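For the sequence shown, the working numbering assigns the number 1179 to the initial residue and increments by one for each residue that follows.
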Amino acid sequence: MQVADAAAASRAPENTPAMVKKIGKTTYKVHVHFSNTSTETMSDKIKRMLKNEIQQM
1179 MQVADAAAAS
1189 RAPENTPAMV
1199 KKIGKTTYKV
1209 HVHFSNTSTE
1219 TMSDKIKRML
1229 KNEIQQM
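Here it is in structure tokens:
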């Protein structure tokens, strides 16, 4: 498995959920993590990002 940023990959604990996608000869492994101190829901964050994107058009 090739890892683009070995330092970043080594920081994620192995027990966190991960998505694995193979493109050609490269395998990408993305770990998912959430902040325990976040004040914004995922839905709120997506809405905020979409509003910002629309304003830039």
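Ideal Cβ positions, reconstructed from N, Cα and C, are used throughout, including at glycine. Nothing here was measured: the structure is a model prediction, and the numbers come from that model.
8 Å Cβ shell around residue i - same chain, five flanking residues per side excluded
i, result
"Ala-1234", "It should be noted that the sequence gives Gln, not Ala, for residue 1234. Same-chain partners within the cutoff: there are none."
"Thr-1194", "His-1209, Val-1210 and His-1211"
Which listed residue (the options) has its alpha carbon closest to that of residue i
i, options, result
"Ala-1196", "Ile-1232, His-1209 and Asp-1222", "His-1209"
Proximal residues to residue i (C-beta, below 7 Å), its chain only, five neighbours per side dropped
i, result
"Lys-1199", "Tyr-1206"
Residues near residue i by beta carbon distance below 6 Å, same chain, minus five either side
i, result
"Met-1179", "Only weak support is given to the placement of Met-1179: the predicted model assigns it a pLDDT of 49, under 50, and the question is left unresolved by the model."
For residue i, the residue or residues it bridges with in DSSP
i, result
"Lys-1199", "Tyr-1206"
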